[in-house]
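For what it's worth, full-length UniProt numbering labels the leading residue of the sequence shown as 1, then goes sequentially.
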Amino acid sequence: MKKIINSATSIFAALSLIITGCGKFLDINDNPTKTADLDPGYLLPTSQANIAMVLGNHFQVYGGIWAQYWTQDISSSQYRNIEQVNLDPSGFDRPWQFLYIGALQNLQTIIDKAYIKRWDQYAGIAELLKAYSYQLLTDGFGDVPLRDAIRVGTSNILATTYDPQKMVYDSILAMIDRGLKRIDAVNTVRPGNDDLIFGGNMANWKAFGNTLKLRTYMRLAKIDSAFVAQGIATLAGATFLTSDAKISYINTNGNNNPLFAEVLGLGRTQNLIASSTAVDQMNALNDPRVFTFYRTTPDTFGIAGIPQGSYKTQWNYRFSAPGVAVGAYGQNDSSALAPVKFISAAESYFLQAEAVARGYLPGDARALYRQGITASFAAYNIVPGNYIIDAVAAFPATGTETQVKAIITQKYFAMCGNQNFEAWTEWRRTGYPSFLVRSQASILPAGQMPQRFLYPGSEITRNPKFPGAKRVYDKVWWDTN
């Protein structure tokens with residue numbers, strides 16, 4: 001992967017400038033078609049890097065706090081508004097622009113020009129990444145612009161109609177199908193090191209598409225089980241991811257993990273610390289991953305957190321910061337190397353395990369559950385000891401819901417610090433893990449938890465077709481818990 005990143009050094013160097021300010025790169029008053037004649041060798045990695053910027057920084061922080069892996073440090077204040085769920089719509093302007101202008105516009109350019117430029121395999125990847133980006137957007141915000149949002153050549157990008165979340169999900173599935181068909185194209189220009197995720201490996205992209213399709217269907221399991229069953233049946237015998245779909249980084253020329261880069265830009269202030277919600281559960285299970293996902297405290301050599309949102313309390317013990325492996329520890333340059341994971345191998349196995357447990361796929365749910373846990377340990381070269389054996393032994397022999405609870409809870413542990421947004425999203429979808437608590441700092445009405453992002457301030461003030469604000473505790477369409 002280092003070879004891949006080195007080939008795109010100029011792209012990441014440019015993106016590093018965005019960390020300390022939006023600058024001209026994402027000026028929404030710029031001509032949105034200015035990249036229309038660029039080569040896919042630039043458009044693809046730029047799009048991938050922009051998605052990673054959102055996934056590994058903005059969404060990572062919100063997800064990390066709301067999934068209760070992390071909480072606000074008592075000695076700083078950067079993320080207190082997120083902990084309080086006291087949000088400003090303008091805080092979502094940048095991720096919205098990164099995805100729509102920095103990623104989706106470029107991906108659409110690749111797709112629109114594929115027929116005349118022989119970019120079919122690039123277009124296949126672009127369709128899959130479009131689907132991935134729209135899922136991030138709709139899972140975060142609900143209804144979002146889709147039909148007229150990214151037409152290359154449009155001069156009215158600020159006046160876009162919002163489409164219902166169901167339509168967005170239908171479109172995501174259609175994008176995945178189109179992408180999978182184009183992955184196998186022949187007599188076409190083949191991606192290589194300009195593909196920051198898989199280095200042009202089309203077999204991996206096919207597995208990515210199948211896994212994303214499974215994720216998309218599983219998101220709707222409580223909305224329309226018959227529709228989901230019919231869709232997942234088409235995936236029987238398909239290949240799924242067995243390795244992480246990720247972007248790795250090197251600590252040169254601005255090629256840093258996006259969250260670490262922001263921490264570095266803030267003067268290495270440690271704003272995030274361990275939440276006792278996740279830490280206490282992992283400690284109770286003697287989960288050795290806790291020593292990788294978090295740093296040991298100087299006095300006890302163990303891992304300790306504080307209760308979610310208790311940053312106003314002066315604790316009489318040392319507490320842990322996120323570990324260098326997840327990119328959130330600003331005091332160690334090794335955090336700069338932490339990858340951004342789009343879909344992990346562990347997630348792939350857990351998705352399959354749940355699909356089997358719910359009767360959508362044939363197979364052995366317990367075996368896939370074990371593979372998910374194993375993949376999580378392997379990703380960080382952690383020796384599991386008896387953990388995997390004990391966890392598998394505790395897997396319920398019967399009962400769909402009890403099996404799903406076990407699967408999602410282990411998925412939650414596997415995603416600690418590395419797929420925070422997806423962990424929070426899965427909690428919204430399933431209600432698991434069942435041990436999340438209300439933040440002590442929350443200003444939401446009693447009994448309410450954060451369920452969505454606010455629409456960006458730029459949409460509220462500049463889009464004449466903006467459909468109206470939502471409350472942060474209003475549930476998105478597929479959230480029935």
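Cβ atoms here follow ideal geometry from the backbone N, Cα and C, with glycine treated the same way.
**Item:** tyrosine 412 and alanine 375 closer than 8 Å at C-beta
**Value:** no
**Message:** Just to confirm the assignment, what range does the beta strand (DSSP E) spanning leucine 136 have?
**Reply:** It is not in any beta strand (DSSP E) - leucine 136 instead sits in the alpha helix (DSSP H) that spans 120-141.
**Request:** Could you pull the start and end residues of the beta strand (DSSP E) that glutamine 72 belongs to?
**Result:** 70-72
**Request:** Return the chain-ordered list of same chain residues with a C-beta closer than 8 Å to the C-beta of threonine 461, the five sequence neighbours on each side being excluded.
**Result:** none
**Asked** What number of angstroms, rounded off, separates the C-alpha of asparagine 210 from the C-alpha of aspartate 177?
**Response** 9 Å
**Asked** What's the C-alpha gap between aspartate 170 and tyrosine 432?
**Response** 25 Å
**Request:** Quick one: residues in its chain with C-beta nearer than 6 Å to the C-beta of isoleucine 407, no 5 flanking neighbours on either side, listed in chain order?
**Result:** Phe350, Ala353, Glu354, Tyr369
**Request:** Determine, using beta carbons only, whether aspartate 93 and isoleucine 273 come nearer to each other than 8 Å.
**Result:** no
**Prompt:** Alpha carbon to alpha carbon, what distance is there between tyrosine 317 and arginine 215?
**Reply:** 41 Å
**Item:** Span separating the alpha-carbon of methionine 218 from that of valine 228
**Value:** 7 Å
**Message:** I'd like to check one pair, threonine 160 with alanine 149: are the Cβ atoms closer than 8 Å?
**Reply:** yes
**Asked** Given aspartate 120, which residues of its chain have a CB within under 7 Å of its CB, disregarding the five upstream and five downstream residues?
**Response** Ala114, Arg182, Ala185, Thr188
**Request:** Within the same chain, show all residues whose beta-carbon is closer than 6 Å to that of lysine 475, passing over the 5 residues directly before and after it, in chain order.
**Result:** Gln451
**Prompt:** How far does the alpha helix (DSSP H) with lysine 113 in it reach, from first residue to last?
**Reply:** 105-117
**Prompt:** Out of Met202, Val290, Ala226, which has the shortest C-alpha to C-alpha gap to alanine 122?
**Reply:** A small fix is needed here, since residue 122 is tyrosine in this sequence, not alanine. For the residues Met202, Val290, Ala226, the minimum Cα distance to tyrosine 122 belongs to Met202.
**Asked** Which same chain residues, not among the five before or five after leucine 212, have their C-beta less than 7 Å away from its C-beta?
**Response** Leu128, Ala131, Tyr132, Ile176, Ile343
**Close Cβ partners of tyrosine 473 (< 7 Å) along its chain, the five nearest in sequence each way excluded** = Leu444, Gln448, Met449, Pro450, Gln451
**Message:** I need the straight-line Cα distance from isoleucine 306 to threonine 71, nearest angstrom please.
**Reply:** 8 Å
**Request:** Give the C-beta separation of isoleucine 223 and tryptophan 478 to the nearest angstrom, bearing in mind that I take them to be a contact with Cβ-Cβ under 8 Å.
**Result:** 5 Å
**Beta carbon of asparagine 420 nearer than 8 Å to that of glycine 63** = yes
**Request:** Have a look at Asn57, Ile389, Leu38, Gln68 and flag the residue whose alpha-carbon is nearest the alpha-carbon of serine 439.
**Result:** Gln68
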